[in-house]
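Enquirer:
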Amino acid sequence: MDIREEYLKFFESKNHTRVASAPLVPDDATLLFNNAGMVPFKSIFTGEVPAPVNPRATSCQTCIRAGGKHNDLENVGHTARHHTFFEMMGNFSFGDYFKEEAIAYAWEFITEVIKLPVDKLWVTVHDSDDEAEELWMKHISKERIMRLGDADNFWSMGDTGPCGPCSEIFYDQGAEEFSGPEDYMGGEGDRFLEIWNLVFMQYEVKEKGGERIPLAKPSIDTGMGLERVVAIKEGKTSNYGSSLFMPIIEQVEKMIGKEYLYATGASYRVIADHIRTAVFLLSQGTNFSNEGRGYVLRRILRRAVRHGYLLGFRTPFMYKLVDTLVRIMGGEYDYLSAKSEVVKEQIELEEARFFKTIEAGIALFNEELKNTKETFSGEVAFKLYDTFGFPLDLTEDMLKEKGLGLDNEKFEALMLEQRTRAKAAWKGSGDDAVNGDFKELLEEFGENEFIGYDTLESKSKVLALLDAKYQRVESLDIGESGWVMLDKTPFYAESGGQTGDEGELSCRAEVIDTKKFFGLNLSEIKVTSNIKVGINVDAKVSMARNEIIKHHSATHLLHAVLSHVLGDHISQAGSLNEATRLRFDFSHPKAVSDEELTEIENRVNNEIARAIPTKTEVLNIEEAKKSGAKSQFGEKYGDEVRVVSFADASIEFCGGVHVDNTANIGSFIITKESGVSAGVRRIEAVCGNAAYKYFTEQRTLIKEAQSEVKNLDLLAGINRLKANIVELKAEVKEAQEAAKVEIKADEINGVAVVVEELPSGDIKEKIDELKNQNEKLCAMLFQVKGDKVLIACGVKGADAKAGDWIKKIAPILGGGGGGRPDFAQAGGKLPEKLPEAKEASLSYIREALS
38 MDIREEYLKF FESKNHTRVA SAPLVPDDAT LLFNNAGMVP FKSIFTGEVP
88 APVNPRATSC QTCIRAGGKH NDLENVGHTA RHHTFFEMMG NFSFGDYFKE
138 EAIAYAWEFI TEVIKLPVDK LWVTVHDSDD EAEELWMKHI SKERIMRLGD
188 ADNFWSMGDT GPCGPCSEIF YDQGAEEFSG PEDYMGGEGD RFLEIWNLVF
238 MQYEVKEKGG ERIPLAKPSI DTGMGLERVV AIKEGKTSNY GSSLFMPIIE
288 QVEKMIGKEY LYATGASYRV IADHIRTAVF LLSQGTNFSN EGRGYVLRRI
338 LRRAVRHGYL LGFRTPFMYK LVDTLVRIMG GEYDYLSAKS EVVKEQIELE
388 EARFFKTIEA GIALFNEELK NTKETFSGEV AFKLYDTFGF PLDLTEDMLK
438 EKGLGLDNEK FEALMLEQRT RAKAAWKGSG DDAVNGDFKE LLEEFGENEF
488 IGYDTLESKS KVLALLDAKY QRVESLDIGE SGWVMLDKTP FYAESGGQTG
538 DEGELSCRAE VIDTKKFFGL NLSEIKVTSN IKVGINVDAK VSMARNEIIK
588 HHSATHLLHA VLSHVLGDHI SQAGSLNEAT RLRFDFSHPK AVSDEELTEI
638 ENRVNNEIAR AIPTKTEVLN IEEAKKSGAK SQFGEKYGDE VRVVSFADAS
688 IEFCGGVHVD NTANIGSFII TKESGVSAGV RRIEAVCGNA AYKYFTEQRT
738 LIKEAQSEVK NLDLLAGINR LKANIVELKA EVKEAQEAAK VEIKADEING
788 VAVVVEELPS GDIKEKIDEL KNQNEKLCAM LFQVKGDKVL IACGVKGADA
838 KAGDWIKKIA PILGGGGGGR PDFAQAGGKL PEKLPEAKEA SLSYIREALS
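In the numbering used here, the protein residues as written are 38 to 887.
#1: In three-state DSSP terms, what is residue 895?
#2: Alpha carbon to alpha carbon, how far is residue 755 from residue 65? Give it in angstroms, no decimals.
#3: For a minimum of 3 consecutive residues, which ranges assigned as the beta strand (DSSP E) are wholly contained in the region 796-879?
#4: Cα-Cα, which of 149, 832, 207 is closest to residue 224?
#5: Can you tell me whether residue 538 is helix, strand or coil according to DSSP?
#6: Output the residue ranges of the alpha helix (DSSP H) runs that lie fully inside the region 209-264 and measure 4 residues or longer, sorted by chain position.
#7: Compute the Euclidean distance between the alpha carbons of residue 790 and residue 873, then round it to the nearest angstrom.
#8: Check each candidate in 535, 560, 153, 249 and name the one with the smallest Cα separation from residue 590.
#9: Which residue spans inside the region 544-578 form an unbroken beta strand (DSSP E) run of at least 3?
#10: Locate the beta strand (DSSP E) running through residue 709, then write down its first and last residues.
#11: What does a CB cutoff of less than 6 Å around residue 650 pick up in its chain, not counting 5 residues either side in sequence?
#12: Mind checking whether residue 832 and residue 868 have CB atoms under 8 Å apart?
#13: Any idea which residues DSSP pairs residue 202 with across the strands?
#14: Do residue 56 and residue 88 have their beta-carbon atoms positioned less than 8 Å apart in this structure?
#15: For residue 255, count neighbouring Cβ atoms within 10 angstroms of its own Cβ and tell me buried if that reaches 16, exposed if not.
#16: Please classify residue 735: is it buried, with 16 or more other beta-carbons within 10 angstroms of its beta-carbon, or exposed?
#17: Could you pull the start and end residues of the alpha helix (DSSP H) that residue 389 belongs to?
#18: Per DSSP, which residues does residue 718 bridge with? Please list them.
#19: Return the first residue and the last residue of the alpha helix (DSSP H) that residue 125 is part of.
#20: CA-CA distance, residue 617 and residue 726?
#21: Quick one: is the Cβ of residue 203 within less than 7 Å of any heavy atom of the ligand FAD?
#22: Below 8 Å on the Cβ atoms is my guess for residue 443 versus residue 433; work out the distance and round it to an integer in Å.
#23: With DSSP as the reference, label residue 359 as helix, strand or coil.
#24: Give the secondary structure of residue 4 by DSSP, where H, G and I count as helix, E and B as strand, and everything else as coil.
#25: Three or more C-beta pairs closer than 8 Å, one from the region 119-139 and one from the region 240-258: is that the case here?
#26: Taking the alpha-carbon of residue 612 as reference, which of 625, 598, 593, 606 has the nearest alpha-carbon?
#27: On a Cα-Cα basis, can you pick out the residue from 770, 499, 391, 478 that is closest to residue 507?
#28: Can you name the start and end residues of the alpha helix (DSSP H) that residue 441 belongs to?
#29: What three-state label does DSSP hand residue 11 in the structure shown?
#30: Note down, in chain order, each residue of its chain lying with its Cβ closer than 7 Å to the Cβ of residue 463, except the 5 sequence neighbours on either side.
#31: If distances are taken between C-alpha atoms only, which option among 138, 300, 721 comes closest to residue 634?
#32: Just to confirm, is the Cβ distance from residue 336 to residue 428 under 8 Å?
#33: Counting along the chain, where does the alpha helix (DSSP H) carrying residue 683 start and finish?
#34: Could you give the residue range of the beta strand (DSSP E) that holds residue 687?
#35: Going by C-alpha to C-alpha distance, which of 446, 384, 382 sits closest to residue 412?
#36: From residue 96 to residue 47, what distance separates their C-alpha atoms?
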């Protein structure tokens, strides 16, 4: 039985709209991940936006609880039911049906569709909820209904907002395998397993600690864990024993060659859980990093690798489990299969990095254990984190196995020091949360119309104004900032990597940005003349738009070319299109070579030169997929989508604005290629006016360089300088070697006499050096340079003349020379006669000094 599909079909039969699972990264700045089925509907429950036309919905939402307030990480592998990644089935009523229908639907599904035995079912209600108990008694005996207090059966979104009692359905797994002290209904044991929670949102709290005020239209939010129900239906007492996990565990068994036993198999279970989390996050575009969601992903994978190390793995293995997971879940989530090759590369790279340090880290850990009685050193824990890449919770996991604590205070102090030094404090989950009067605007006006595909100017009416805190106001005065909602607007709201438009409102306000809030296109303004609700204005988009669209269209061409040059594994991981540059992040396991970058740049410019007309179509989602158009995971697509194509060069889903013809892009110049994270590369480039500016800057730089090297042929000038450097280095080396040569002097009648060959260095300088070292000196030095011989002769305080001496010796070497009585130079061309010349030189000076 396909529990997921049966659930969704059942609630569709009850007039619920089936809603696809939202991305794991939520459209909610207060959360790291979607951690419950209701998260995608949060803005409806809180009243930020109106309820949909059909106030009933059902979904099977992928969720992660591995960071922040909702964190099950440390329990994973050690219990039968905790996971970092799980699927939550839910049915929702937005002010429509309430307790009676919610309870009846739940009972019908459990007993008639998936046919769980009634004698195994128990129910809890809030101790004040008589209504819920009475409704349940229509289906189950009172003896099987238990009342519990706020701690167990009252749900709230936060200190303020919607809240209400809840009712939970439990399944009795039997006393045969569960007979611990907590294995009773209401206890902490696993015998009585909660499978479904029905939340009755019937109150609202306006302020922290305030009164619970009844809602005029109460709502329903339910959550049922898919993994738990599948395990029950398959007769398993642990989620990990079900068909959702066992194929992965069996693959680990096969790879390591060791049998999985439940009692000692925590590491197998950790790996089976964590590969699901890693693959889903990577497939949806989250990448390994050292902050935010990317760091949670890194922690999870490294925790799994460490458990693999405990089993005996010494090389990457997690990536080999991806295909098994795709076989289990790829049917429901087709993007897993599409991204599997890229994901495998990313996981293998990250594993390889950690395996390089894990052994040294564990050795350090074990060494410190010898010095630990109760509390492990925070300093060593920090070193494990900072030097060896051990996330803190991994170290805590290892300590937990030993029954030891950690000096968290010291660890946090060192972390704070590091953050201060690096100026890289935790960035949290994203932008600041935005709360404002958006629901009022949607209820009063609906979504406003964007007309900027066809025009950069319009006469528009000011429907509403918001202040800087997003609260409605009737007017904004000179110097104030806020937001304007126009009935129809030419300003493009930031989306899909394209920045929001700037411009002006008929001399009344400067438009400095444009964004979307719950479907509303709002422009941020700085008021230059008083502006009021209801007036008409001339809205004009800045000419910067012309440059933004050049970069946006070039990004589409670049995306397509990357697939041709680097391979089909290329997948977009982020983009930015501004007036002055574009930035494109994509999955690729290694740096792009210079040759590849040249080919990519040439190909994009060729597509620009082809002058391809831009074609835009609005197609239904299925037609668009069949067309081969590329889509971006995480983007919200409706039943109809806009498809932008440039003939056979590129076709993509895109709601952005583009040039009419690729020729309008002008030119495309890559300025930088770099790595973003493991398996993700980034190309930065410029087009249009920015490309011309880049060209002129490079031309100026070349002229300056030509001036510096004094040569119009820059390469020739650089090569000449390089040759000069080589010569100078050789001379320096020769001088250094010459300085090391020890010259021995003989003494004749109180005069130091030197007749030597100097292999390198300046022989004239050496003569001067010898003169400084001796009161009386006669010295003749020879040096062979290729097929020539250099000769230098010096005399000080002795009865001899250098000029006469050198005239006697130089002819022996086939040369000549002369000079003063104290110094003379000569050259020769017979180096093979150097021994003869040295002998003659000594004979001459002995005779002269006798």
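Beta carbons: idealized from backbone N, C-alpha and C, even for Gly.
Predicted model, so just to flag it, every value in this text is computed and none were measured.
Expert: Result, derived from the coordinates:
#1: Outside the shown range of the chain (38 to 887) lies residue 895, about which nothing can therefore be said.
#2: 55 Å
#3: 814-822, 825-833, 853-856, 860-865
#4: 207
#5: coil
#6: none
#7: 17 Å
#8: 535
#9: 546-554, 557-564, 573-578
#10: 705-714
#11: 698
#12: no
#13: 191
#14: no
#15: buried
#16: exposed
#17: 372-406
#18: 623, 712
#19: Residue 125 -> not in any alpha helix (DSSP H); beta strand (DSSP E) instead, spanning 122-130.
#20: 8 Å
#21: Among the ligands in the structure shown, none appear at all, so the ligand FAD cannot be discussed.
#22: 6 Å
#23: helix
#24: Here the chain has residues from 38 to 887 only, and residue 4 is not among them.
#25: yes
#26: 593
#27: 478
#28: Looking at the DSSP string, residue 441 is not in any alpha helix (DSSP H), and its letter there is neither H nor E.
#29: Lying before the first or after the last residue shown, residue 11 is absent from the chain, which here runs from 38 to 887.
#30: Low local confidence applies: a pLDDT of 30 at residue 463 is under 50, so the model's placement there is unreliable, with the coordinate-based value given in what follows. Only 328 meet the Cβ criterion.
#31: 721
#32: yes
#33: Segment 677-683 is the beta strand (DSSP E) holding residue 683; no alpha helix (DSSP H) there.
#34: 687-690
#35: 446
#36: 11 Å
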